[in-house]
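Everything below concerns the one structure shown next.
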Amino acid sequence: MALGIHLDDSKIDPNVSCSSCEAVCCRLTVVLEASDEVPEHLVAHGENGVDTMAHDKDGWCSALDRSRQCCSIYAQRPSVCRRFAMGGGYCRLEREIFARGGLTPRVA
Numbered sequence: 815m816a817l818g819i820h821l822d823d824s825k826i827d828p829n830v831s832c833s834s835c836e837a838v839c840c841r842l843t844v845v846l847e848a849s850d851e852v853p854e855h856l857v858a859h860g861e862n863g864v865d866t867m868a869h870d871k872d873g874w875c876s877a878l879d880r881s882r883q884c885c886s887i888y889a890q891r892p893s894v895c896r897r898f899a900m901g902g903g904y905c906r907l908e909r910e911i912f913a914r915g916g917l918t919p920r921v922a
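Count along the sequence shown from 1, add 814, and you get the number used in my numbering.
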């Protein structure tokens, strides 16, 4: 348990919602699955053969609609993004790391 947060998604924090979300998860490295149908211009092809969501130079996911702080390809978002529980344990952990100044992109 990092930073004292238990990564239990069965305990969703109701205070985290779309209207209060800072899209912190959009800084994570999202590994794409073969079944994901993400627009090609948003895919980063790794030298190791692993495809991930592309990030802009500032570290944020290229699919992030910055004016609304939401995913611009929400209906086509990758499987791992679909499984990410807003307000869940991993979400709360990433929000705490971000709040402490931890801006390093990490793997989802």
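Every residue gets a Cβ at the ideal spot worked out from N, C-alpha and C, and that includes glycine.
Nothing here was measured: the structure is a model prediction, and the numbers come from that model.
Using the Cα positions of C884 and C895, report the straight-line distance between them to the nearest angstrom.
-> 12 Å
Whole-angstrom Cβ separation of A868 and V857, contact assumed at under 8 Å?
-> With a beta-carbon spacing of about 6 Å, A868 and V857 fall inside the 8 Å limit used to define contacts.
Closest Cα partner of V862 within the set K871, V845, C875, V852 | Position check: residue 862 holds Asn in this sequence, whereas Val was assumed. Distance check between N862 and each of K871, V845, C875, V852 places V845 closest, using alpha-carbon atoms only.
Determine the DSSP secondary structure at A816, reduced to helix, strand or coil.
-> Only weak support is given to the placement of A816: the predicted model assigns it a pLDDT of 46, under 50, and the value that follows is read from those uncertain coordinates. In this structure, A816 counts as helix in the three-state DSSP scheme.
In three-state DSSP terms, what is C885?
-> strand
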